[in-house]
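Protein chains in written order, with our numbering: chain U, 470 to 619; chain P, 470 to 619; chain Y, 470 to 619. All C-beta atoms, glycine included, are put in the ideal place defined by N, C-alpha and C. Fair warning: this is a prediction, and the values are worked out from it, not measured in the lab. Taking it in order: structure first as structure tokens, then the write-up.
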Amino acid sequence: MLEQAVGLGAVTVLGVLEQAYFSLQVIYARRKYSVSPPATVGPPEFERVFRAQANCSEYFPIFITVLWTSGVFFSQGLSAVCGLLYLYGRFQYFRGYSESAQGRLAPLYFSAQVLWVLIGFSSLGVLLTFCRVYLNVDLLLELGSALDLV
Amino acid sequence: MLEQAVGLGAVTVLGVLEQAYFSLQVIYARRKYSVSPPATVGPPEFERVFRAQANCSEYFPIFITVLWTSGVFFSQGLSAVCGLLYLYGRFQYFRGYSESAQGRLAPLYFSAQVLWVLIGFSSLGVLLTFCRVYLNVDLLLELGSALDLV
Amino acid sequence: MLEQAVGLGAVTVLGVLEQAYFSLQVIYARRKYSVSPPATVGPPEFERVFRAQANCSEYFPIFITVLWTSGVFFSQGLSAVCGLLYLYGRFQYFRGYSESAQGRLAPLYFSAQVLWVLIGFSSLGVLLTFCRVYLNVDLLLELGSALDLV
């Protein structure tokens, strides 16, 4: 069973390391701009780094959830590839947002699109599994036969 | 093994879609009330939508965690039903909070109660599995015998 | 398969209960210092409790993710022990932060260190599984033979 999950495990570990990197950047920004906890407001430079990290943290559980749902019910390989693209997009987003509010937009749209692909894979995987388990119908096979008849 | 999880997978996908819907509402509210990132303060109408989404995001990982713990160790069917009720409660909470701070309370209590039920199922499931695996005791069977004797 | 996970399930349930406890403390602090939602700013006493809970919530998904990755790919026993230490550290962090911003530091460093150990276990577990599955090499066995030869 672990064979079917080791790729997802690898992307998961990478994702956690990326979040750790973002958290360290917030700590550096707190020192640099002298914003001591519990304050979360300060110069825009600090607030951008803080919000970038907060946004990535907020999406992290959703990312991990769809990565595994898509990987388990649809395809480990495709999910792992999308996972790597998402983590790359988030890295660009964090760097862009740290420089300017405008700089966050392009990588934000990119990572949102990758997330939608993973949500699509998850939905499809759950639907196909549902039909196979409860209705005893293999939708992919049916589709193949239908295309053969055409 | 996937048969035992497809119901949980379906609720998970629904939950992710609900979070996506909430995130879009924050984007619309940012435009409507002209609150550009990284700012998170503004008119109360904006702050209510922002906090509603933040609160739902904060509870999302806890929800997914207990949904699956309860589903794997206790009962897939009962967990999936509770999961649907929770997502319904969160939808009502988001709508209520968007209108007034008061409007968030009733659905918040409802979804908190459903979450407690899922936590109870998780605890019970882990306890029953623990007794079966490590103490070789089937608590439900023992309970049944005890009731028979009475 | 559940035998290999019941320890992780137990730590997971404990972690959820701890988060529930933190959330209740924020509700009490809101009442005590009269900070009604959606406001999140107020006297420092309130803000410390609020930020303590927000920080624990932010790390909760990362904790659950590495707990299970480490437990599934490396060792359930070691992961469960680290998980308990982490939850203990977070409890001390919350109490310390509630009293003073300084009081949060020692337990924060402690729980961060435990988290790094779990990240290390996860990485090692994924690497060992990857080598076994895709390269057909058992790294631990190879290491043992190499040490035998010395």
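(1) Quick one: grab the DSSP three-state call for Leu612(U).
(2) Should Glu516(U) go down as buried or exposed, given a rule of 16 or more other Cβ atoms within 10 Å for buried?
(3) Along the chain, where does the alpha helix (DSSP H) containing Ala549(P) start, and where does it finish?
(4) Looking at Phe579(U) and Cys525(U), is the spacing between their C-beta atoms short of 8 Å?
(5) Check distances from the C-beta atoms of the region 491-509 of chain Y to those of chain P and list, in chain order, the residues that come in under 7 Å.
(6) Could you tell me whether the Cβ of Ala570(U) comes closer than 8 Å to any Cβ of chain P?
(7) Whole alpha helix (DSSP H) runs in the region 478-558 of chain U with 4 or more residues, listed along the chain?
(8) Would you mind reading off the limits of the alpha helix (DSSP H) that contains Leu593(Y)?
(9) In its own chain, which residues sit with a C-beta less than 8 Å from the C-beta of Val510(P), not counting the 5 before and 5 after it?
(10) Can you tell me whether Pro513(P) is buried or exposed? The criterion is at least 16 other CB atoms within 10 Å of its CB, across all chains shown.
(11) Does the structure place the region 541-550 of chain P close enough to the region 589-604 of chain P that three or more beta carbon pairs sit under 8 Å?
(12) So, are the CB atoms of Val583(U) and Gly565(U) less than 8 Å apart?
(13) Give every residue of the same chain whose Cβ lies closer than 7 Å to the Cβ of Val606(Y), excluding the five residues on either side of it in the sequence, and list them in chain order.
(14) Are Leu485(U) and Ile588(Y) touching if we call contact CB-CB under 8 Å?
(15) Going along the chain, which residues of the region 524-550 of chain U sit with their C-beta nearer than 8 Å to a C-beta in chain Y?
(16) Which of the three DSSP states, helix, strand or coil, is assigned to Asp617(U)?
(17) Check whether the Cβ of Ser592(U) lies closer than 8 Å to any Cβ atom in chain C.
(18) Using a Cβ cut-off of 8 Å (strictly closer), state whether Thr598(P) contacts chain Y.
(19) Between Val602(P) and chain Y, is the shortest Cβ-Cβ distance under 8 Å, so that the two count as touching?
(20) Using a Cβ-Cβ distance cut-off of 8 Å, determine whether Glu472(U) contacts chain Y.
Working from what's here:
(1) helix
(2) buried
(3) 545-568
(4) no
(5) Ser505, Pro506, Pro507
(6) yes
(7) 513-542
(8) 574-603
(9) Val504, Glu516
(10) exposed
(11) yes
(12) no
(13) Cys600
(14) The question names Leu, but residue 485(U) in the sequence shown is Val. Cβ atoms of Val485(U) and Ile588(Y): closer than 8 Å.
(15) Ser526, Phe529, Pro530, Ile533
(16) helix
(17) Checking the listed chains, one finds no chain C in this structure; the protein chains it contains are U, P and Y.
(18) yes
(19) yes
(20) Taking Cβ atoms only, chain Y reaches closer than 8 Å to Glu472(U), which makes this a yes.
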